[in-house]
Every structure is written in structure tokens, then in C-alpha cells.
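K.L.:
Could you have a look at this structure, given as C-alpha cells, before my questions?
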Amino acid sequence: MLRSDAAGAHEGGTTTSDAAHTDGRPQDRQRSPADELQRARDRHLVERARDGDLEAFNQLVEAYQDYLFALVIRVVGNRDSAADAVQEAFFSAYRNLARFRGDSFRSWLTRIALNAATDVLRHRKRRPSEPFPEWEDDAWQPPAPDTEGPERVAMQRNRSRLLAAALQQITEDQRTAIVLYDVQGYDYQEIADMTGVSLGTVKSRIHRGRLALREVLSGDMELLRDA
Amino acid sequence: MPDVRGDVKNPAGTVSGHSHHDRVLVSRYASDDAYAGELEQARQLVEACSECATLAADVRTLTAALAASYAPSRRRDFRITPEQAEKLRGSLVDRLFRRLAAPELAPARPLAGVALSIGLAMAVVGAALPAPAVSDMAMQQSGGVQTEGALMGDNSTELDNGAEGDPRTASGPDKETAVPAAGEVPAEGAPAGPGVQPQATTDTAYGAPEGRVESVDPDDRSAAAVEREAATPTRNVLIFGGLGVALLSLGALILVIIARGRLNDPLLR
Numbered sequence: 111m112l113r114s115d116a117a118g119a120h121e122g123g124t125t126t127s128d129a130a131h132t133d134g135r136p137q138d139r140q141r142s143p144a145d146e147l148q149r150a151r152d153r154h155l156v157e158r159a160r161d162g163d164l165e166a167f168n169q170l171v172e173a174y175q176d177y178l179f180a181l182v183i184r185v186v187g188n189r190d191s192a193a194d195a196v197q198e199a200f201f202s203a204y205r206n207l208a209r210f211r212g213d214s215f216r217s218w219l220t221r222i223a224l225n226a227a228t229d230v231l232r233h234r235k236r237r238p239s240e241p242f243p244e245w246e247d248d249a250w251q252p253p254a255p256d257t258e259g260p261e262r263v264a265m266q267r268n269r270s271r272l273l274a275a276a277l278q279q280i281t282e283d284q285r286t287a288i289v290l291y292d293v294q295g296y297d298y299q300e301i302a303d304m305t306g307v308s309l310g311t312v313k314s315r316i317h318r319g320r321l322a323l324r325e326v327l328s329g330d331m332e333l334l335r336d337a
Numbered sequence: 368m369p370d371v372r373g374d375v376k377n378p379a380g381t382v383s384g385h386s387h388h389d390r391v392l393v394s395r396y397a398s399d400d401a402y403a404g405e406l407e408q409a410r411q412l413v414e415a416c417s418e419c420a421t422l423a424a425d426v427r428t429l430t431a432a433l434a435a436s437y438a439p440s441r442r443r444d445f446r447i448t449p450e451q452a453e454k455l456r457g458s459l460v461d462r463l464f465r466r467l468a469a470p471e472l473a474p475a476r477p478l479a480g481v482a483l484s485i486g487l488a489m490a491v492v493g494a495a496l497p498a499p500a501v502s503d504m505a506m507q508q509s510g511g512v513q514t515e516g517a518l519m520g521d522n523s524t525e526l527d528n529g530a531e532g533d534p535r536t537a538s539g540p541d542k543e544t545a546v547p548a549a550g551e552v553p554a555e556g557a558p559a560g561p562g563v564q565p566q567a568t569t570d571t572a573y574g575a576p577e578g579r580v581e582s583v584d585p586d587d588r589s590a591a592a593v594e595r596e597a598a599t600p601t602r603n604v605l606i607f608g609g610l611g612v613a614l615l616s617l618g619a620l621i622l623v624i625i626a627r628g629r630l631n632d633p634l635l636r
């Protein structure tokens with residue numbers, strides 16, 4: 111299981127059955143050489159950035175801005191809000207580089223971005239706005255591969271829109287857990303570390319979230335079958 | 368918002384009535400996430416209940432669709448400009464506070480707390496040591512003056528008593544029994560003699576009571592007084608050293624607390 115550096119303490123701890131149980135996902139693996147390489151690169155860049163090298167920090171931004179934006183927009187469902195949250199996350203990371211003491215810069219950054227996304231959602235609760243009109247936009251990531259025909263690309267985008275809209279109708283906790291697990295591929299322990307809850311809570315949020323999503327999408331499940 | 372929290376396990380473990388089936392269990396089973404002890408029950412549900420089977424299939428479809436989904440592309444470049452970086456670094460004070468709040472200095476707060484406690488303890492212990500009585504010091508000082516004055520025949524300390532050259536001033540009358548002569552100010556606690564007029568006097572050399580002044584003889588100091596004098600430097604070191612340590616550590620503690628409060632970033636919660 112990948113180890114996360116996120117400093118969040120577990121609220122409820124891990125039960126014996128939680129600890130003994132593995133979810134059998136490909137993500138529950140020992141660190142791959144690529145992971146190690148990425149972490150080593152990040153550590154090197156962080157060290158340089160701490161010494162005042164802005165270019166080194168901007169290399170980290172380039173490495174993670176697409177990933178963070180894709181994560182945050184799925185949580186907040188609004189392009190402008192997501193952009194603001196990601197920008198705030200990078201600002202906060204830059205300000206607090208000296209406080210980064212973990213192993214994975216990516217996990218640390220993800221946690222900061224999720225906190226920024228939570229703040230956006232909290233703010234939106236006070237000032238409700240029109241949800242996700244930006245999803246009608248044509249620019250998507252990842253870009254569709256050339257091998258896929260335009261029909262398939264269009265269908266995939268429709269599915270993505272459908273899922274994005276459905277995600278906005280489940281609770282924020284469930285949404286965050288599902289995005290981290292099903293979309294971003296983190297394992298339970300990493301999500302527990304990043305969100306500061308117990309392993310059991312993470313599993314519960316994911317499974318109940320999937321059931322809630324299915325209920326929201328009950329009329330459209332056929333569209334997703336060929337995913 | 369869909370509510371899936373009302374689901375309860377069928378206590379009988381039967382597979383009749385989908386509304387009573389444990390849908391979370393089916394979801395876990397569909398994700399290969401069911402515990403070993405639940406596998407059989409989950410398998411029974413999926414095999415015997417068509418709705419549970421559909422649910423399991425839908426969960427698998429959903430997870431696959433989510434993994435393959437796209438997200439809108441960003442339109443903004445989040446790289447930080449030198450101007451933004453300068454602003455984010457903050458003022459000199461911010462940078463100083465940031466250094467104080469850095470993880471390397473995390474032990475500073477408990478250490479300062481311990482130093483504060485030690486300093487206060489030193490000061491309290493020092494204050495509890497036997498102190499040289501103020502009167503002892505006064506005796507020393509005024510005894511010296513009197514002796515010197517007597518040797519020189521200087522009666523300047525007895526300007527108003529009208530008993531110039533009175534040998535009593537050199538030998539000193541007993542405080543308890545001496546009866547002042549006419550015009551002489553009575554010693555403290557001494558009975559006032561006839562014709563005694565209250566009168567301003569400078570007899571209280573260095574502020575010491577007149578009666579005691581005259582009874583001082585450095586040789587008569589008790590052994591306890593000598594011990595107290597010997598303890599004085601230790602006492603002073605403990606009191607002033609302890610207070611110094613306490614003040615310094617209190618200052619450090621306040622600085623660290625201010626630094627942490629000032630640089631507290633809500634996104635790092």
C-alpha cells in the first residue's frame with residue numbers, strides 16, 4: 111500500500127478487519143520505480159524552491175496543475191471556482207514549502223487543494239450560483255486519442271458530463287472519496303490520510319456514494335454501459 | 368439527494384424482498400471489497416435476487432465509467448510570477464516568523480515552557496532561602512558609622528539632642544531601659560522621661576532606629592546572621608537568574624505562539 115505523507119490524523123483509527131483487508135486494486139502496490147523517480151524529482155525541486163528558486167517551484171506547478179485542476183473541478187463542478195481553488199492551493203504550497211516534511215509532494219498538494227475545494231463549496235453554500243455551465247465547453251482532459259473516432263469521443267464526453275453532473279448531487283464527502291478512489295486511483299489508506307478520516311469511513315463513503323450515484327443515474331445507466 | 372443510509376441487513380439472511388437486502392454489501396461485493404465472512408451472503412444475494420445482480424453490474428459499470436471519464440481542461444496557467452512570489456514570501460517579519468514556525472523549531476515551544484517552569488522554580492526557591500534581615504544590614508551600616516563617628520569625636524549625628532559629648536552616644540544606652548534626658552528624643556519603645564518633648568531629630572542614622580544604632584557591635588552579630596550573609600549571593604543568583612530565565616523563555620514562547628498564529632494557513636488544516 112502506498113504510504114501518504116499527509117499529516118492528517120485518523121479520527122477513528124483502523125480496525126483489525128480494516129487493516130487485514132485489502133481491496134485488491136492495482137493501486138495497492140509497492141511503490142513502482144516510476145513512483146520513486148517522481149518522488150525523488152519532487153524532493154529535489156522542493157529543496158531548490160525552498161532555497162528561493164522560483165523556477166523549481168514552477169516546474170512542480172507544471173507537473174501537477176492538470177492533475178489538480180481535474181481533481182478539483184470534479185469536486186466543485188465549476189471551472190472558475192476550481193481554478194481559484196487550484197491557484198490558492200499553489201500559493202499556499204509556495205508559502206508553506208518549509209513546512210512540507212512528508213514523502214509525497216503530490217499527496218501534500220492534493221490535500222491542500224481538497225481543503226481549498228471545500229472552502230469553495232462552503233462559500234457557495236452561502237451564495238448559491240448556477241452549477242457547472244462550463245461543462246458545455248469543448249476543451250477536455252485528457253485529450254481524446256487520435257485512434258478514437260469522433261462519435262466515440264463525443265459519447266465519452268457525454269458520459270463524462272453525465273457523471274460530473276451526477277457527482278454534484280451526492281454529498282461532498284462521498285464525492286471527494288469517489289473522485290480520489292475511482293478517478294484518481296488512490297487507495298483507501300492514502301485517501302484516509304488525505305481526508306483525515308478512518309479507513310472504515312473512507313470505504314463507507316465510497317460504497318454509499320456509488321449507491322447514491324447509481325440512484326441519481328438510474329435513468330441513464332445504459333449510456334454508461336459501454337464505457 | 369439519494370439516501371442510502373436506511374438500508375438494513377436482512378436479519379434472517381434470506382434473499383426475499385430486495386428492499387431488505389444489504390445494498391452496501393452488494394456494492395462491496397461488486398468491487399471485490401467484501402470481507403471474507405460476508406462473501407457467501409453477498410454471493411447468495413446476487414445469485415438469488417435479480418435486482419441485487421443488476422445493482423452489482425451497475426456498480427461495476429459506474430466504477431469503470433468514472434475511471435474513464437474526462438474533465439474540462441484548465442484555461443489558466445498556475446505558475447507563479449516573480450511578483451506573486453515576492454508577495455507570497457511576505458515582509459521581513461513574516462519571513463522571521465516563518466522561520467520560527469518551521470518544523471525544525473517545533474521543539475522550541477515545549478522547551479521554552481520547560482525553561483519557564485525552571486526559571487520560576489529557581490526564583491521561588493531563591494525567595495524561600497533565609498534572607499539577611501534589613502535590620503541586620505542596617506546594624507552593620509549604622510554600627511560602622513557610629514563607631515567611626517565615636518572614634519573621631521564627631522557628634523554630628525546628635526545635633527539636636529543637647530547632650531553633646533555625652534558618653535552614652537558612644538557606648539550606647541540600653542534600648543529597653545534608657546530614659547532619655549531632657550530634650551533628648553526617646554529611643555523607640557523606651558519610656559518617655561519627664562519633660563521629654565517630641566522633637567525632630569537626625570539621630571536615626573541611615574534610617575535606623577536610634578535605640579538599635581547605639582547597641583550595635585559588629586562582634587556581637589549572631590552566627591545565624593553570618594550564615595544569612597553567606598547565603599545572600601546564592602539567593603540573589605537564584606532569584607535574579609531564575610527570573611531572567613523565566614522572562615527569556617516567556618518571550619521566546621510568546622514569539623513562537625505569535626508566529627504560529629500569524630502564519631496559520633487554513634488550507635493546511
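Chains A and B, in that order, are what the protein sequence lines are.
Numbering of the first sequence is given in the numbering used here, commencing with residue 111 and proceeding in unit increments.
Numbering of the second sequence is given in the numbering used here, commencing with residue 368 and proceeding in unit increments.
For each residue, glycine too, the CB sits at the ideal point set by N, CA and C.
Everything numeric in this text was worked out from a predicted model, so none of it was measured.
(1) Would L412 of chain B pass as an interface residue toward chain A - the criterion being a Cβ-Cβ separation below 9 Å?
(2) What in chain B is Cβ-close to A193 of chain A, meaning under 9 Å?
(3) Counting Cβ pairs closer than 8 Å, one from the segment 320-332 of chain A and one from the segment 422-439 of chain B, do we hit at least three?
(4) Hey, would you say L610 of chain B sits closer than 9 Å to G480 of chain B, going by beta carbons?
(5) Can you tell me where the alpha helix (DSSP H) with Y437 of chain B in it begins and where it stops?
(6) Which class does L483 of chain B belong to by DSSP, given the choice of helix, strand or coil?
(7) Going by DSSP, what residue range makes up the alpha helix (DSSP H) through H317 of chain A?
(8) Which term fits Y204 of chain A, buried or exposed, when burial requires 16 or more other beta carbons within 10 angstroms of its beta carbon?
(9) On the three-state DSSP scale, how would you describe L496 of chain B?
(10) Does DSSP put G306 of chain A in a helix, in a strand, or in coil?
(11) Measuring alpha carbon to alpha carbon, tell me which of B:G457, B:L605, B:I447 ends up nearest V196 of chain A.
(12) Look at the alpha carbon of N188 of chain A and the alpha carbon of A226 of chain A, and state the distance between them as a whole number of angstroms.
(13) My understanding is that V185 of chain A touches V289 of chain A, with C-beta atoms under 8 Å, so please give their C-beta distance in whole angstroms.
(14) I need the boundaries of the alpha helix (DSSP H) containing P143 of chain A, first residue and last residue.
(15) Between the alpha carbons of R335 of chain A and A435 of chain B, how many angstroms are there, rounded?
(16) Within 9 Å of any Cβ in chain B, is that where the Cβ of L147 of chain A sits?
(17) Pop quiz: D400 of chain B and K313 of chain A are said to be a contact at Cβ under 8 Å. What is the actual Cβ separation, rounded to whole angstroms?
(18) Under 7 Å, CB to CB, which of the residues in the segment 451-477 of chain B have a partner in chain A?
(19) Does R629 of chain B come within less than 9 Å of chain A when only Cβ atoms are used?
(20) Compare the C-beta of Y296 of chain A with all C-beta atoms of chain B and state if any pair is closer than 9 Å.
(21) Do H388 of chain B and L406 of chain B have their beta-carbon atoms positioned less than 9 Å apart in this structure?
(22) Using the three-state DSSP reduction, which class does H385 of chain B fall into: helix, strand or coil?
(23) Going along chain A, which residues have a C-beta under 7 Å from A432 of chain B?
(24) Verify the CB distance criterion: does M372 of chain A have a CB-CB separation below 9 Å to chain B?
(25) Tell me the DSSP secondary structure of Q411 of chain B in three-state form.
(26) Could you please give the first and the last residue of the uninterrupted alpha helix (DSSP H) stretch that includes V623 of chain B?
(27) What residues from chain A crowd round S436 of chain B, counting only those whose CB sits closer than 7 Å?
(28) I'd like to know whether the C-beta of S398 of chain B is nearer than 9 Å to at least one C-beta of chain A.
(29) Give the range of the alpha helix (DSSP H) segment to which V185 of chain A is assigned.
(30) Using 9 Å as the threshold, is the C-beta distance between L207 of chain A and V156 of chain A below it?
(31) What does P600 of chain B reach in chain A if we use C-beta pairs closer than 9 Å?
(32) Could you give the residue range of the alpha helix (DSSP H) that holds T286 of chain A?
(33) How many angstroms separate the CA atom of L620 of chain B from the CA atom of A144 of chain A?
(34) Would you please verify whether the beta carbon of V623 of chain B is less than 9 Å from any beta carbon of chain A?
(35) Identify each residue in the segment 201-223 of chain A for which the Cβ-Cβ distance to at least one residue of chain B is less than 7 Å, and report them in chain order.
(36) Measure how close the beta-carbons of F200 of chain A and F445 of chain B come, nearest whole angstrom, since I'm counting them as under 8 Å.
P.N.:
Looking at the atomic coordinates:
(1) Judged by the 9 Å Cβ criterion, L412 of chain B is not in contact with chain A.
(2) Simply R441, R442, R443, F445.
(3) Cβ pair count under 8 Å is three or more, so yes.
(4) Judged by beta-carbon spacing, G480 of chain B lies beyond the 9 Å limit of L610 of chain B, meaning their Cβ atoms are not closer than that value.
(5) Here Y437 of chain B belongs to no alpha helix (DSSP H), and DSSP marks it neither H nor E.
(6) In the structure shown, L483 of chain B falls within a helical segment according to DSSP collapsed to helix, strand and coil.
(7) Counting along the chain, the alpha helix (DSSP H) containing H317 of chain A begins and ends at 309-326.
(8) So Y204 of chain A ends up on the buried side.
(9) In this structure, L496 of chain B counts as coil in the three-state DSSP scheme.
(10) If DSSP states are grouped into helix, strand and coil, G306 of chain A belongs with coil.
(11) Check the Cα spacing between V196 of chain A and each of B:G457, B:L605, B:I447: the tightest is with B:I447.
(12) One C-alpha to the other measures close to 13 Å.
(13) Approximately 6 Å separates the beta-carbon atoms of V185 of chain A and V289 of chain A; this is inside 8 Å, confirming the contact.
(14) Where P143 of chain A is concerned, the enclosing alpha helix (DSSP H) starts and stops at 143-160.
(15) The alpha-carbon atoms of R335 of chain A and A435 of chain B are separated by roughly 12 Å.
(16) Chain B contact via Cβ: absent.
(17) With a Cβ gap of about 7 Å, D400 of chain B and K313 of chain A count as contacting.
(18) Considering only beta carbons, the part of the segment 451-477 of chain B lying closer than 7 Å to chain A consists of A452, L455, R465, A469, P470, in chain order.
(19) No, no contact with chain A.
(20) It does not; no Cβ of chain B falls within 9 Å.
(21) Between L406 of chain B and H388 of chain B, the C-beta gap is not smaller than 9 Å, which leaves the two residues out of contact.
(22) Here H385 of chain B sits in helix by DSSP.
(23) Under the 7 Å cutoff, chain A gives R269, L273, L334, A337.
(24) This structure gives no information on residue 372 of chain A, because the portion of chain A shown stretches from 111 to 337.
(25) Three-state DSSP puts Q411 of chain B in a helix.
(26) It spans 609-629 - the alpha helix (DSSP H) in which V623 of chain B sits, taken as one unbroken run.
(27) Residues of chain A whose Cβ lies closer than 7 Å to the Cβ of S436 of chain B are, in chain order, R269, S270, L273, V293.
(28) At least one chain A Cβ lies under 9 Å of S398 of chain B.
(29) Element bounds for V185 of chain A: 164-186.
(30) Going by beta carbons, L207 of chain A and V156 of chain A fall inside the 9 Å limit.
(31) Residues of chain A with a Cβ closer than 9 Å to the Cβ of P600 of chain B do not exist; the shortest Cβ-Cβ separation is about 45 Å.
(32) Its alpha helix (DSSP H) spans residues 282-288.
(33) Between the alpha carbons of L620 of chain B and A144 of chain A lies a gap of roughly 44 Å.
(34) Not an interface residue.
(35) From the segment 201-223 of chain A, only F201, S202, Y204, R205, N206, A208, R209, R211, I222 have a Cβ closer than 7 Å to chain B.
(36) Contact flag correct, Cβ pair sits at about 5 Å.
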